[in-house]
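Inspection log for the structure reproduced underneath, given as structure tokens.
Residue numbers (the UniProt record's numbering), protein chains in the order written: chain A, 1 to 406; chain B, 1 to 406; chain C, 1 to 406; chain D, 1 to 406.
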């Protein structure tokens with residue numbers, strides 16, 4: 001253990017990672033560099049500075065990564081209409097590669113030989129942090145205290161704090177939530193507590209970002225999203241940066257009870273787990289992106305995207321953002337977005353985000369062909385006969401040879 | 001044209017197919033057999049008898065296919081969590097194979113050498129009817145009047161009716177709807193009219209099966225769905241047949257504004273078209289089926305299902321129900337449903353169907369492993385290190401050889 | 001028919017397309033522009049000039065497209081290790097998009113409003129020519145004489161020649177082959193004749209590009225292929241252009257009886273057909289490309305390529321080179337080839353092309369890890385336990401809940 | 001370590017597993033049950049009895065599993081035309097699930113609480129054994145000595161033998177091969193030694209099952225394989241059991257130099273490794289199976305099989321035979337084989353296995369349609385125009401909206 005000289009820790013400023021600072025210093029006799037990032041979790045990051053200093057940390061990194069997070073991670077992911085297991089918008093998963101990348105960059109800057117994080121040994125986040133770290137710096141050492149130490153209960157942790165004079169009021173900011181939570185600009189998640197029974201309905205007071213549909217306004221909110229190359233660049237005509245778009249959509253969505261999700265998902269480490277999520281802006285984004293694609297994207301490109309999407313989602317969920325297969329899929333996805341430009345009109349109402357209109361100068365919707373009215377010869381209905389006949393040929397031959405189709 | 005002796009027509013009893021009866025008799029000098037099926041479209045089918053008789057039809061088939069429709073077509077499709085292009089629940093597509101099958105069976109019974117239908121030459125339905133027919137009876141002749149005749153405007157059709165004494169009050173039952181509609185137990189669809197502009201929001205009065213979310217009750221409705229082998233067999237503990245389940249869910253969903261959809265989709269014949277759909281029961285079914293699978297289905301089987309689903313959906317959408325590839329996919333899907341048993345609790349509220357609980361005696365959710373609390377050794381967190389290390393190995397080797405991951 | 005003023009014809013200089021020149025002039029009263037390309041079919045193209053002139057053609061295009069063909073079509077396709085239905089190297093399919101593109105470019109240059117080709121109505125080539133043409137010039141008219149005229153037998157064709165004074169000795173150059181053949185730098189194909197019986201073995205005298213394995217030299221030939229970004233750039237150290245590489249490999253392969261193939265394939269138009277192919281160079285290329293990828297490509301990228309390949313092959317086979325889905329797949333494939341550099345050593349011997357060595361400065365093969373000898377700690381075998389344990393977790397939970405795995 | 005009372009060991013009778021017997025007895029103070037199976041590796045298994053007895057083993061299982069191996073594992077795998085990474089026929093992979101199953105069954109019979117094997121911590125086999133074991137008996141303990149002990153060099157192993165009086169002439173039967181080898185009815189594999197340099201050509205003396213192509217007979221061997229439901233049931237008309245078929249094909253193939261392979265493959269544990277394989281019978285089987293499918297299988301089913309195959313191959317390679325996803329894929333594959341009946345004629349000559357004919361009573365090849373001669377109206381060439389026009393529609397609309405296809 002004495003090999004490690006300096007370790008960069010993903011530091012939230014909360015109780016657990018504060019304990020980790022002390023434990024690393026003590027266990028590995030190494031210097032600790034803290035890294036705290038604002039990725040839109042909704043808590044101040046600056047207070048982490050004083051806390052880290054109090055723990056004797058000399059190199060303290062505190063950064064606002066909100067713009068980079070949405071521009072380079074969330075937006076590329078939404079170009080693929082990404083959903084894991086039909087439901088989950090990957091709010092936690094997509095933040096990890098950026099944290100991993102900064103941890104490694106800071107390790108390189110500070111000459112650290114190790115990184116550390118506060119993720120447990122049962123979850124996906126450890127995998128995401130560490131795969132990213134190894135992919136970016138293959139010789140880095142990784143210290144995952146939750147897999148190593150014996151502070152396996154809240155009581156032991158508290159005792160450790162007392163012994164090491166770590167102020168425990170740290171935890172009060174979290175209001176003793178019974179849930180394990182994680183938040184960033186894309187979502188807030190809840191696990192644990194009564195959620196460990198998949199039959200139990202989540203309590204109303206658990207949700208933090210959205211009003212309940214019942215409490216949402218009785219009149220709908222309409223908004224128009226402008227897309228350029230698959231990304232939203234304006235809301236109601238106002239041009240915004242990616243993270244501003246997402247923040248605005250979170251507020252509008254949350255006000256209308258949009259984006260709550262309650263699922264049981266399959267973790268990469270092999271177990272099923274119950275999670276509740278609030279993703280107001282992401283829920284709107286996904287719907288709207290599909291809608292703008294519906295008029296601007298070629299059918300076969302759209303279908304191929306749909307076929308590749310589960311693989312892409314799994315790649316991100318499992319922590320392989322920094323992998324050749326993710327880059328390969330991204331290349332295919334991005335190639336399709338050149339003409340995904342236009343405006344989508346969305347209605348928010350008591351928990352629903354509904355697309356009610358879409359338009360684009362690059363639209364492939366051709367009224368003159370699709371119309372039920374006279375199309376003035378734009379489409380020759382007689383072509384359909386040959387189309388069907390040849391598509392049926394293999395089926396007819398098989399049936400003609402006595403193979404029953406039913 | 002003189003070759004055809006007898007043709008079985010998919011006959012709705014409406015104006016268009018009544019014209020077709022006459023046109024077939026006249027153009028092909030052949031006998032017409034009518035086939036009218038109740039698949040839950042919500043209109044009486046018995047009146048079609050008198051209308052057909054009035055047109056001189058001697059062999060009249062009128063059948064209640066609701067149970068077969070839901071049991072053998074809708075339910076198998078929902079086992080795959082089938083959605084076309086991320087949105088569409090395939091309400092029209094899934095009814096066509098059954099109609100095609102009965103058309104052919106009746107052709108065989110009555111010695112007919114041809115079938116006919118009232119689908120236009122621009123749509124998907126002609127393809128679905130005809131591929132099914134050819135797959136089941138390779139030598140059958142198909143007459144698609146809309147691709148052949150010159151009655152290309154409403155005016156010409158009306159003149160034809162007058163000339164041939166076809167009572168036009170037939171059409172009054174449809175209230176001169178500006179929309180082209182199709183309905184069965186799974187959904188009702190709307191196309192045409194103002195919907196031909198994808199930017200125009202659908203009018204509230206268009207929707208027929210559901211109240212608007214705004215008009216829905218202010219208190220939520222909860223229901224419990226019991227699954228056996230992937231199929232719903234009971235609602236709130238009451239055992240029902242498949243078509244009764246769907247009818248009940250349609251009513252409950254519709255009352256709560258659930259299941260409206262407004263999309264632009266890609267037709268098999270190559271154009272994009274705008275469609276609005278109400279699928280109240282199907283929307284609930286899909287959500288609930290995913291939820292019961294979330295606790296009973298193996299992760300990799302679930303993921304493989306998700307990867308195959310777009311292909312399966314496309315197969316059905318394009319009209320290839322009666323094909324080897326559909327059977328092949330169905331075999332894979334059905335193989336996974338053995339343990340998809342249990343109960344899902346759903347909340348309906350002003351347009352949303354939300355899963356709030358799920359339980360199963362075959363649940364793979366294991367609290368003792370997933371818990372944030374002490375798991376008494378059920379899971380060894382130290383295993384995660386080796387898991388991550390070997391999963392990272394290929395990434396580390398590449399990075400070690402100087403390949404940048406970012 | 002009188003609408004068409006000028007048509008560009010894909011003109012081989014052979015009998016059939018000479019008849020087409022005349023038939024077009026006569027039937028459509030239009031001007032004909034001929035386009036003859038050398039894509040390595042092994043016949044002089046210049047003689048087509050005099051023949052076209054004799055038929056009254058004023059605008060005659062004769063071009064050497066060999067370099068463009070291999071560089072922009074064959075090479076990109078081989079990056080994907082493309083094979084259709086497990087066997088076919090797509091020799092005919094890959095030449096069509098280039099012909100279609102030049103036909104359209106010439107149409108634009110000459111102000112022609114139509115294109116024409118000599119492909120029959122039963123085959124894939126008509127589809128490939130026409131899909132390409134429509135994708136590149138949506139309003140172009142296409143004339144496919146074989147689908148229109150009544151010259152449906154050789155006798156009628158000969159009579160037509162006599163009536164129109166078309167010299168029939170044209171056909172003598174083809175030595176009255178009983179086979180329908182097509183050739184370019186990638187392959188030569190044979191269809192028809194006794195091959196129409198799939199049980200009949202092809203006659204030895206049919207094959208034109210390769211000696212029989214039995215006649216091939218008794219000593220093997222070794223060669224070394226140098227790859228850069230997935231493409232062969234040198235043979236035995238000699239730097240060559242793409243088409244020179246392929247020509248050289250055809251010669252070496254053919255001399256050693258390499259590259260014969262005898263299959264039944266599924267055409268896009270719905271029927272099965274028997275074809276024999278000689279693809280000496282392509283067979284070597286495919287083997288060698290897989291080998292260089294085996295040491296330079298990441299596992300998951302390689303597997304994803306393998307999963308996408310059948311779709312990519314089908315896209316090309318069916319004629320969709322000029323489509324969004326092909327570009328999308330190409331983007332994914334090309335993204336992976338950056339590090340596919342190195343040298344592969346191949347042994348040719350009596351019909352076989354076998355890889356016997358591969359090396360690369362970008363190799364991911366790491367002897368220090370893979371060795372059966374002591375690896376000095378490069379790989380910790382104990383990691384495997386955790387890797388297996390967590391990968392087994394879902395299976396163990398299922399088994400623990402009483403689900404039988406067998 | 002004292003928990004384990006009895007362990008079932010996969011025992012070859014060779015030196016390494018003999019050491020393991022002793023090491024297990026000593027280290028775990030437990031009883032060892034040996035299990036030795038004949039799966040066609042070409043060595044007597046009965047001598048293992050005396051060796052085990054000499055080591056103090058009381059419960060000795062020696063079994064002939066050749067028929068079960070080929071019938072229930074090899075044959076189902078070949079129905080999918082399974083190849084890993086474009087080359088490898090999975091000879092080692094497919095034998096492991098059967099061994100795992102028998103280990104667990106014997107553990108259940110003998111009341112053992114653990115299993116053990118002689119696979120190293122770097123390879124795939126440990127994963128395959130253990131995933132199988134866990135899937136079939138979730139609470140089983142697994143002892144992998146190579147991951148635990150310190151006998152990490154040949155020298156230490158020899159010392160251990162001397163100390164424990166294990167007769168080392170055991171190893172002489174292996175002729176001090178420099179290669180790590182594995183054999184069963186499907187193949188023999190070679191790793192290590194000079195093969196650790198991927199540029200080095202394998203020595204001729206390494207290969208054991210096949211003559212070199214150069215030494216093979218100068219005249220070809222023809223054979224006819226009869227298929228029923230995708231499986232070979234007869235050779236040259238002689239009905240044989242599955243393992244007899246494979247043995248016969250191995251002999252015929254080996255005599256003609258067929259089935260040698262030299263590749264670098266990607267292991268599941270994350271490294272690349274060089275392997276040489278001889279799979280004479282399997283190479284013939286694969287070719288022949290594709291050929292019988294080419295005339296009996298529907299196009300879309302065949303293509304879907306091709307798209308699923310890489311996933312299926314990976315599932316087996318990685319050790320997930322006993323998994324829901326393998327069963328799911330198998331269900332899809334098996335569903336397609338009903339009509340895969342007929343005869344394939346194969347020519348073996350100096351390293352090549354070439355299909356030269358195929359016939360079937362269930363053939364979908366229809367000469368009357370495919371013919372270049374007059375088809376008497378079986379196929380209407382005019383249908384092709386509509387087929388192409390509608391398939392081109394989306395491309396034309398895009399081009400018409402100014403999107404360049406090139």
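A virtual CB, placed ideally from N, CA and C, is assigned to each residue, including glycine.
According to DSSP, simplified to helix, strand and coil, what is residue 391 of chain A? What you label residue 391 of chain A is simply residue 391 of the first chain in a count that begins at 1. Three-state result, residue 391 of chain A: helix.
When Cβ atoms are compared, which residues of the segment 327-351 of chain A fall closer than 9 Å to chain C? 327, 328, 329, 330, 331, 332, 333, 334, 335 and 336
CB contact below 8 Å: residue 381 of chain A versus chain B: What you label residue 381 of chain A is simply residue 381 of the first chain in a count that begins at 1. So yes, residue 381 of chain A belongs to the interface.
Look up residue 62 of chain A in the DSSP assignment and say whether it is helix, strand or coil. Here residue 62 of chain A refers to the residue found at position 62 of the first chain. Reduced to three states, the DSSP call for residue 62 of chain A is strand.
Below 8 Å on the Cβ atoms is my guess for residue 52 of chain C versus residue 34 of chain C; work out the distance and round it to an integer in Å. The sequence position of residue 52 of chain C within the third chain is 52, counting from 1. The sequence position of residue 34 of chain C within the third chain is 34, counting from 1. Rounded, the Cβ-Cβ distance is 4 Å, consistent with contact.
Span separating the alpha-carbon of residue 370 of chain C from that of residue 79 of chain C: Locating residue 370 of chain C in the third chain gives position 370, counting from the first residue. Locating residue 79 of chain C in the third chain gives position 79, counting from the first residue. If you take the alpha carbons of residue 370 of chain C and residue 79 of chain C, they lie about 27 Å apart.
Residue ranges of each alpha helix (DSSP H) within the segment 52-121 of chain B, 4 or longer: 66-69, 75-78 and 96-110
Closer than 8 Å, Cβ to Cβ, to anything on chain A: give me those residues from the segment 357-386 of chain D, in chain order. 362, 363, 364, 366, 369, 379, 380, 382, 383, 384, 385 and 386
Considering just the uninterrupted stretch of the beta strand (DSSP E) at residue 30 of chain B, what are its terminal residues? Taking the second chain and counting its residues from 1, one reaches residue 30 of chain B at position 30. Unbroken run through residue 30 of chain B: none, as it is neither H nor E.
So, are the CB atoms of residue 246 of chain A and residue 235 of chain A less than 8 Å apart? By 1-based counting over the first chain, the position of residue 246 of chain A is 246. By 1-based counting over the first chain, the position of residue 235 of chain A is 235. Cβ atoms of residue 246 of chain A and residue 235 of chain A: not closer than 8 Å.
Can you confirm whether residue 258 of chain D, when its beta carbon is compared against all beta carbons of chain B, has any partner nearer than 8 Å? Taking the first residue of the fourth chain as 1, we reach residue 258 of chain D at position 258. Output row for residue 258 of chain D: interface = no.
From residue 203 of chain B to residue 326 of chain D, what does the alpha carbon distance come to, in whole angstroms? Locating residue 203 of chain B in the second chain gives position 203, where the first residue counts as 1. Locating residue 326 of chain D in the fourth chain gives position 326, where the first residue counts as 1. If I take the Cα positions, the gap works out to 49 Å.
Report, in whole angstroms, the separation of the C-beta atoms of residue 231 of chain B and residue 242 of chain B, which I expect to be a contact under 8 Å. By one-based count along the second chain, residue 231 of chain B stands at place 231. By one-based count along the second chain, residue 242 of chain B stands at place 242. Right, the Cβ-Cβ distance comes to about 7 Å (below 8 Å), so this counts as a contact.
Comparing the C-beta of residue 192 of chain C with each C-beta of chain D, is any distance below 8 Å? Here residue 192 of chain C refers to the residue found at position 192 when the third chain is read from its first residue. Closer than 8 Å: yes.
Within 10 angstroms of its Cβ, does residue 100 of chain A collect 16 or more other Cβ (buried), or is it exposed? Along the first chain, one-based indexing puts residue 100 of chain A at 100. When all chains shown are included, residue 100 of chain A counts as buried.
Does the Cβ of residue 259 of chain D have 16 or more other Cβ atoms within 10 Å, making it buried, or fewer, making it exposed? As a position in the fourth chain, residue 259 of chain D is number 259, starting the count at 1. The residue is buried, with at least 16 neighbouring Cβ atoms inside 10 Å.
Please list, in chain order, all residues of the same chain as residue 415 of chain C whose beta carbon is under 6 Å from its beta carbon, the five residues on each side excluded. Only positions 1 to 406 of chain C appear in the structure, and residue 415 of chain C is not among them; the question remains open.
Does DSSP put residue 15 of chain B in a helix, in a strand, or in coil? Numbered from its first residue, the second chain carries residue 15 of chain B at position 15. In the structure shown, residue 15 of chain B sits in a helix (DSSP, three-state: H, G or I).
Taking Cβ to Cβ, would you say residue 335 of chain A is nearer than 8 Å to residue 392 of chain C? Walking along the first chain from the start, residue 335 of chain A turns up at place 335. Walking along the third chain from the start, residue 392 of chain C turns up at place 392. Not in contact: residue 335 of chain A and residue 392 of chain C (Cβ atoms no closer than 8 Å).
Enumerated in chain order, which unbroken segments of the alpha helix (DSSP H) with a length of 4 residues or greater are wholly contained in the segment 181-224 of chain B? none
For residue 166 of chain C versus residue 8 of chain C, is the C-beta spacing smaller than 8 Å? Numbered from 1 along the third chain, position 166 holds the residue referred to as residue 166 of chain C. Numbered from 1 along the third chain, position 8 holds the residue referred to as residue 8 of chain C. No, these two residues do not count as a Cβ contact at 8 Å.
Which whole runs of the beta strand (DSSP E) in the segment 311-394 of chain B are 3 residues long or more, in chain order? 342-349 and 352-359
Can you tell me whether DSSP reads residue 296 of chain A as helix, strand or coil? Here the question's residue 296 of chain A lines up with position 296 in the first chain. Residue state, collapsed to three classes: helix.
The segment 289-296 of chain B contacting the segment 337-345 of chain B, beta-carbon criterion three pairs below 8 Å: yes
Assumed close pair residue 385 of chain D, residue 147 of chain C - CB separation to whole angstroms, cut-off 8 Å: As a working mapping, residue 385 of chain D is identified with position 385 in the fourth chain. As a working mapping, residue 147 of chain C is identified with position 147 in the third chain. Right, their Cβ atoms sit about 6 Å apart.
Cutting at 8 Å between CB atoms, please list the residues of its own chain near residue 67 of chain C, excluding the five before and the five after it. Residue 67 of chain C sits at position 67 when you count from the first residue of the third chain. Within the same chain, residue 67 of chain C has close Cβ partners 241, 242 and 243.
Between the CA atoms of residue 347 of chain A and residue 173 of chain A - distance to the nearest angstrom: Here the question's residue 173 of chain A lines up with position 173 in the first chain. Here the question's residue 347 of chain A lines up with position 347 in the first chain. Reliability of the predicted coordinates at residue 173 of chain A is poor, the pLDDT of 49 falling under 50, and no value is obtained from them.
Under a Cβ-count criterion, where at least 16 other Cβ atoms within 10 Å of its own Cβ denotes burial, should residue 198 of chain C be classed as buried or exposed? As a first step, residue 198 of chain C must be located in the third chain, where it is residue number 198. Its Cβ being crowded by 16 or more others within 10 Å, residue 198 of chain C is buried.
Would you call the CB atoms of residue 222 of chain C and residue 206 of chain C closer than 8 Å? Against the third chain, residue 222 of chain C aligns to sequence position 222. Against the third chain, residue 206 of chain C aligns to sequence position 206. Contact flag unset, no.
Going by DSSP in three states, residue 38 of chain C sits in which element: helix, strand or coil? On the third chain, position 38 is the one that residue 38 of chain C refers to. Residue 38 of chain C falls in the strand class under three-state DSSP.
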